[in-house]
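Residues in the sequence shown are numbered from 16 upward in steps of one, following the working numbering. The beta carbon of each residue, even a glycine, is placed where N, CA and C say it ideally should be. See below for the structure under consideration.
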Amino acid sequence: MIYWLFSILIQGTFPKVEEHSLWITPSSDTLMVQVINYDQLKPLLHSKSDTTYVVNFWATWCAPCVQELPFFLEMDSVYHNQPFKLLLVSLDFKKDYIRKLEPFVRERKIEDHVVVLEDNRANFWIGDIDPEWSGAIPATLVYRGEKRAFFERTFHHADELHDIVKPFLNL
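Now the structure itself:
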């Protein structure tokens with residue numbers, strides 16, 4: 016043991032830790048998805064453009080969230096030629112970013128839509144997003160300009176989601 020420690024000190028190196036080891040503290044530098052705080056998210060929730068925004072709050076550990084995710088992705092492909100943007104805001108725990116969230120996002124090829132909200136001021140930002148929101152997920156914000164609707168519920172069919180988004184679109 017002493018010989019091993021001495022050889023490390025002489026070489027000036029330590030055993031290499033794999034990039035995706037659980038010993039690495041996740042950060043936006045090691046993740047393929049962007050980690051943001053609420054101050055960075057807030058402008059994305061209040062755009063005054065003529066675009067319809069659908070913002071879904073979800074997590075990989077939330078079974079209803081994962082079940083409804085294909086409906087959001089289908090909607091995004093249907094409206095991709097419209098002024099429409101989908102944002103999937105992950106509320107996964109920090110310890111799960113690399114082990115669960117990153118593989119989930121990569122397998123589904125949804126990197127372009129996902130951001131991770133890492134902000135311990137949940138008591139502030141939950142009420143700021145919608146005063147009636149309890150903080151439960153899944154939850155979805157749909158807005159265009161000043162017109163807004165918030166849904167603290169699970170969508171069980173793609174048609175349910177399309178029905179709430181259509182009034183916001185310029186079709």
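Host beta strand (DSSP E) of residue i (start-end)
{"i": "W73", "result": "67–73"}
{"i": "F99", "result": "99–105"}
Cβ separation of residue i and residue j, assumed to be a contact under 8 Å, to the nearest whole Å
{"i": "W73", "j": "P153", "result": "5 Å"}
{"i": "V129", "j": "Y112", "result": "About 11 Å separates the two Cβ atoms, so there is no contact after all."}
{"i": "F87", "j": "L176", "result": "7 Å"}
{"i": "T67", "j": "R159", "result": "5 Å"}
{"i": "W148", "j": "Y53", "result": "The Cβ separation is near 13 Å, so there is no contact."}
Sequence-distant residues of its chain with Cβ nearer than 7 Å to residue i (five each side left out)
{"i": "I190", "result": "Given that the chain is displayed from residue 16 to residue 186, the structure contains no residue 190 and the question cannot be resolved."}
{"i": "K31", "result": "Residue placement at K31 is flagged as unreliable, the pLDDT there being 34, under the threshold of 50; a coordinate-derived value is accordingly withheld."}
{"i": "C80", "result": "W73, A74, I152, P153"}
{"i": "S62", "result": "Y68"}
{"i": "D134", "result": "N52, Y53, W140"}
{"i": "E89", "result": "A173"}
Residue range of the unbroken alpha helix (DSSP H) whose run includes residue i
{"i": "V180", "result": "173–180"}
{"i": "S64", "result": "Note, S64: premise wrong, no alpha helix (DSSP H); not H, not E."}
{"i": "V80", "result": "According to the sequence provided, residue 80 is Cys. The question's Val does not apply to it. Counting along the chain, the alpha helix (DSSP H) containing C80 begins and ends at 78–93."}
{"i": "E189", "result": "What the structure shows of the chain is the stretch from 16 to 186, and residue 189 is not part of that stretch, so it cannot be assessed."}
{"i": "D111", "result": "First-last for D111: undefined, no H or E at that position."}
{"i": "I141", "result": "137–144"}
Those residues which DSSP pairs with residue i across a bridge
{"i": "R163", "result": "Y158"}
{"i": "I51", "result": "L132"}
Own chain partners of residue i with C-beta closer than 6 Å, once the 5 adjacent residues on each side are dropped
{"i": "N71", "result": "F87, L103, T155"}
{"i": "I51", "result": "V130"}
{"i": "R136", "result": "none"}
{"i": "F170", "result": "E83, F86, L176"}
{"i": "F183", "result": "T67, V157, R159"}
Below-8 Å beta-carbon distance, residue i vs any chain D residue
{"i": "T169", "result": "Chain labels in this structure do not include chain D; a single protein chain is all it has."}
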